[in-house]
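Numbering (the numbering used here), first residue to last: 2 to 194. Note that the Cβ used here is the ideal one computed from N, Cα and C, for glycine as well.
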Ligand code: FAD
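In structure tokens:
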């Protein structure tokens, strides 16, 4: 089984880094694991429109050009690694109610028409398959969450589901900075199960 972990935190001593280690350690040997550490890879999150290049296999030149992928090699690698029925896990802190900019940029640049979806008169026709598990940390009390915007809702309902990934589990670890060390370790144990 292919499992892709998309990780977005700049500090390798952070609590999110501990979550990443926990998830990695607890995936069985049955998983063919790929970790995409966006900060370590120095992923360029800025979408630029461009007209050069013919596009990766399977994408028409026109579609490709409309999404301007200047560093083709990196982008093609990311694209291939998330095709075809994988299990994806996203691990990131919630910043300003949503995902970090580097992850937003990854979606803008990699989830392109012709790859992640097709446009139809009735809306998006998702092309990806598989399951996703989003693990995000923040400080907002759980009781307030139904009233707030985003906090992974956009990723789940407006990105992954329309692109075909229908089974999306979300784990919110909160209020992460105000929990005791003991409680945070308990959370890691739960994530490991
Ligand atoms: P860290 O700061 O690395 O760690 C948190 C605590 O866990 C620390 O006390 C650390 O010592 C401890 N820790 C680390 N590793 C372990 C371990 N293995 N076991 C036990 N304890 C450990 N929050 C909101 O609710 N809404 C927002 O809109 C929001 N916007 C933000 C915007 C920005 C730009 C920033 C920087 C923060 C924002 N926050 C917001 C807070 C943010 O979500 C949290 O700071 C973040 O989720 C904490 O995750 P971390 O991995 O950075 O934790």
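Would residue 118 be called buried (16 or more neighbouring beta carbons within 10 Å of its own) or exposed? buried
Between residue 22 and residue 125, what straight-line distance do the alpha-carbon atoms span, to the nearest angstrom? One Cα belongs to residue 22, the other to residue 125, and the distance between them is close to 35 angstroms.
(request) Taking residue 107 and residue 137 to be in contact with their CB atoms under 8 angstroms, please state how far apart those CB atoms are, rounded to whole angstroms. (result) About 15 angstroms; that fails the 8 angstroms criterion.
(message) Just to confirm the assignment, what range does the alpha helix (DSSP H) spanning residue 193 have?
(response) Bounds of the alpha helix (DSSP H) holding residue 193 are 182-193.
Terminal residues of the alpha helix (DSSP H) in which residue 17 lies = 16-26
Compute every distance between the C-beta of residue 145 and the non-hydrogen atoms of the ligand FAD, then say whether any falls below 6 angstroms.
no
For residue 89, I'd like the list of residues in its chain whose CB is within less than 6 angstroms of its CB, leaving aside the five on either flank, ordered along the chain. 5 and 133
Residue closest to residue 186, alpha-carbon to alpha-carbon, out of 111, 129 and 20: 20
key: Ranges of the beta strand (DSSP E) found wholly within the region 75-147, counting only runs of at least 3   = 87-94, 118-121, 124-127 and 131-138
Q.
Nearer than 6 angstroms: is that true of the beta carbon of residue 43 relative to any heavy atom of the ligand FAD?
A. no
Residue interval of the beta strand (DSSP E) (run including residue 156): Segment: none, residue 156 is in no beta strand (DSSP E) and carries neither H nor E.
TODO: Return the residue from the list 46, 176, 167 and 43 that minimises the CA-CA distance to residue 144.
DONE: Checked all of 46, 176, 167 and 43; the closest Cα to residue 144 is 176.
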